[in-house]
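The numbering used here puts the first residue of the sequence shown at 1, with every later residue one more than the last. This report concerns only the one structure given below.
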Amino acid sequence: SPPSLFVTSNGDIYIADVSNNGQVQKWISTTNKFITVMNVKSSCTGLFVDITDNLYCSMDNHHQVVKRSLNDSVMTQIIVAGTGIKGSNSNQLSDPFGIFVDVNLDLYVADCANARVQLFQLGNSNGITVAGSQSPNPTISLSCPTYIVLDDEKYLFIVDFGNDRIVRSGVNGFRCLVGCYGRGSQSNELFYPVTLSFDRSGDMFVTDR
Numbered sequence: 001s002p003p004s005l006f007v008t009s010n011g012d013i014y015i016a017d018v019s020n021n022g023q024v025q026k027w028i029s030t031t032n033k034f035i036t037v038m039n040v041k042s043s044c045t046g047l048f049v050d051i052t053d054n055l056y057c058s059m060d061n062h063h064q065v066v067k068r069s070l071n072d073s074v075m076t077q078i079i080v081a082g083t084g085i086k087g088s089n090s091n092q093l094s095d096p097f098g099i100f101v102d103v104n105l106d107l108y109v110a111d112c113a114n115a116r117v118q119l120f121q122l123g124n125s126n127g128i129t130v131a132g133s134q135s136p137n138p139t140i141s142l143s144c145p146t147y148i149v150l151d152d153e154k155y156l157f158i159v160d161f162g163n164d165r166i167v168r169s170g171v172n173g174f175r176c177l178v179g180c181y182g183r184g185s186q187s188n189e190l191f192y193p194v195t196l197s198f199d200r201s202g203d204m205f206v207t208d209r
């Protein structure tokens with residue numbers, strides 16, 4: 001099964017196709033056909049398409065995030081975060097998973113093995129820790145964050161995989177939304193959640209292993 005996918009507002013779907021040597025496939029909704037849009041040296045654990053049609057891929061095995069312009073006919077990608085060497089310095093990542101790019105083209109990375117969320121501002125290879133015990137004003141400890149969403153008010157929603165919960169930032173720091181009382185299978189519990197998404201009504205959907 002594909003480790004990640006991304007759906008655009010017009011219904012096109014980008015899929016990390018691990019069976020085809022690190023290819024990213026785009027399913028075009030109007031033609032019902034697949035085309036290859038990226039070739040990477042590893043599978044993508046996170047995919048994102050920004051407002052200027054740049055495609056981003058996070059690679060946990062190579063500890064970096066790459067991007068390419070979908071408007072360029074040549075499938076050449078550049079490194080936008082991580083050195084390729086596993087580490088916890090500001091310019092390094094360790095098993096990155098989910099990614100999110102805001103309207104300013106700033107990149108947020110769920111840096112799983114470092115238990116933090118990193119913000120890489122456009123053109124800057126050094127990240128800022130915005131969630132986790134290493135952040136300048138730590139208000140939450142994470143355990144392998146795997147997915148992130150930034151809402152219109154710039155509040156972060158984080159899938160805290162190792163702590164079996166969903167947390168959200170706010171004016172008073174972070175608070176738990178779902179799975180706040182431990183791991184389990186009850187309606188108010190989670191068991192290793194991986195990703196989340198919202199529909200147009202603001203309802204949250206969580207993939208709960």
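We put the CB at the ideal spot given by N, CA and C, even for glycine. These figures come from a predicted structure and were not determined experimentally.
| Check | Outcome |
| --- | --- |
| Contacting residues, own chain, Cβ-Cβ under 8 Å from Y56 (five flanking each side not counted) | G46, L47, F48, V49, D50, V65, V66, K67, V80, I99, V101 and L107 |
| For V167 and A110, the rounded distance between their alpha carbons | 13 Å |
| Other residues of its chain near S133: CB distance less than 6 Å, five sequence neighbours each side excluded | S141 |
| Rounded C-alpha distance that separates T139 from A113 | 19 Å |
| Spatial distance of N214 from Y155 (CA atoms) | Here the chain has residues from 1 to 209 only, and residue 214 is not among them. |
| Cβ-based neighbour list, I224, same chain, cut-off 8 Å, excluding 5 preceding and 5 following | Here the chain has residues from 1 to 209 only, and residue 224 is not among them. |
| Unbroken beta strand (DSSP E) run spanning Y56, endpoints | N54 to M59 |
| F157 versus M204, N188 and N124, residue with shortest Cα-Cα distance | M204 |
| C176, DSSP secondary structure in three states | strand |
| Classification of V103 by the beta-carbon crowding that lies within 10 angstroms, buried from 16 upward | exposed |
| Buried/exposed call for T8, threshold 16 Cβ in 10 Å | exposed |
| Close-in-space but distant-in-sequence residues of the same chain around L122 (CB under 7 Å, 5 per side omitted) | N104, L105 and D106 |
| Residues sharing a beta bridge with I148, DSSP | I158 |
| Cut-off 7 Å between Cβ atoms - residues of its own chain near L150, not counting five sequence neighbours on either side | F100, D102, Y108 and L156 |
| Backbone secondary structure at L18 - three-state DSSP | As written in the sequence, residue 18 is Val, which differs from the Leu given in the question. V18 falls in the helix class under three-state DSSP. |
| For C144 and N163, the rounded distance between their alpha carbons | 8 Å |
| Reference K41, options Q92, I35, N21 and S187, closest by Cα | N21 |
| Exposure label - V74; buried when at least 16 CB within 10 Å | exposed |
| Sequence-distant residues of its chain with Cβ nearer than 6 Å to F34 (five each side left out) | Q25 and W27 |
| Local Cβ density within 10 Å of S19, reported as buried at 16 or more and exposed below that | exposed |
| Pairwise C-alpha distance: S90 and S43 | 23 Å |
| Rounded C-alpha distance that separates H62 from R175 | 32 Å |
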